[in-house]
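Undergrad: Numbering of the sequence shown is given in the working numbering, commencing with residue 9 and proceeding in unit increments.
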Amino acid sequence: MPVQLQRVPVLAILRGLDTEATLARVDVLAKAGIGAVEVTLDSPGALETIRALRRRDDGLMAGAGTVMDAVAARRAVDAGAELLVSPHVDPAVTCVGTEARIGHLPGALTPTEIVAAWRSGATAVKLFPAGHGGPAMVRALRGPLPDIPLVPTGGVDATNAACYLRAGATAVAVGSAFTNGTLDEVEDLARALVASCLDARR
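Structure representation (structure tokens):
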């Protein structure tokens with residue numbers, strides 16, 4: 009698991025924003041203590057945004073999201089992505105991440121998919137869509153799959169993120185809450201989220 013997510017178990021997903029808007033939100037997220045950001049590749053100028061994030065010298069991890077195939081994965085790696093995140097299991101994407109020595113979080117929901125993702129060489133498994141089963145699903149999966157790190161994504165927000173961590177998630181990924189709202193609102197939300205998630209890990 010990337011050190012940034014070990015420190016603060018929150019991956020901020022920024023989708024549909026251009027480079028300028030993304031960088032503005034990253035500034036307030038970093039001020040609030042979040043150290044890992046996923047820029048989805050379906051965002052305008054996503055690769056340039058990742059390049060811009062890598063030019064920052066503050067230790068923030070810049071990941072690429074919605075990585076659908078190996079071609080997209082290689083483009084993201086060439087742009088400097090330090091993490092690949094996919095909504096599905098594709099061993100070819102994991103292979104690109106492994107060759108580049110960066111992490112890959114493939115998406116999975118069922119035990120069969122989760123085990124397949126893990127065995128393909130994933131750094132952790134993105135439990136998606138997590139809202140389908142909620143924290144109770146994470147707790148149930150921890151029984152037979154105690155050694156596979158899970159990162160719930162989809163339906164995770166400030167009201168339930170800590171519940172996922174208490175249920176056994178390694179980290180959580182939060183999206184729309186950081187994409188919408190003013191910068192002040194995003195910063196306030198991020199600070200509250202970081203505090204609750206750190207408290208949940210104690």
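Ideal Cβ placement from N, Cα and C applies to all residues, glycine included.
1. Just verifying my parser: in three-state terms, what is the DSSP assignment at G115?
2. Answer with buried or exposed for D98, where buried requires no fewer than 16 other C-beta atoms within 10 angstroms of its C-beta.
3. Distance check for R15 and L61, CA to CA, integer angstroms please.
4. Could you give the first and the last residue of the continuous beta strand (DSSP E) run that contains M69?
5. In terms of alpha-carbon separation, which member of G141, E107 and A132 lies closest to N168?
6. With a cut-off of 8 Å on the beta carbons, I'd call F186 and A20 a contact; round off their distance for me.
7. Could you round the C-beta distance between R33 and V202 to whole angstroms and report it? I think they count as a contact, below 8 Å.
8. Kindly list the residues whose CB is nearer than 7 Å to the CB of T178, restricted to its own chain and excluding five residues on each side of it in sequence; keep chain order.
9. By Cβ distance below 6 Å, which residues in the same chain neighbour E3 in space, the five residues on each side in sequence not counted?
10. On the CB-based measure, 16 or more other CB atoms within 10 Å of its CB, does L191 come out buried or exposed?
11. Could you pull out every unbroken beta strand (DSSP E) segment of at least 3 residues lying fully inside the region 33-71, listed in chain order?
12. Please give the ranges of any alpha helix (DSSP H) in the region 102-159, keeping only runs that are unbroken, at least 4 residues long and fully inside the region.
TA: Looking at the coordinates:
1. In this structure, G115 counts as strand in the three-state DSSP scheme.
2. buried
3. 19 Å
4. M69 to G73
5. G141
6. About 5 Å separates the two Cβ atoms, so the contact holds.
7. Not confirmed; about 15 Å, so no contact.
8. M9, P17, A132, P157, L158 and V159
9. Residue numbering for the chain in the displayed model covers 9 to 210; residue 3 lies beyond these limits and cannot be assessed.
10. When all chains shown are included, L191 counts as exposed.
11. 44-48
12. The qualifying runs are 119-127 and 142-150.
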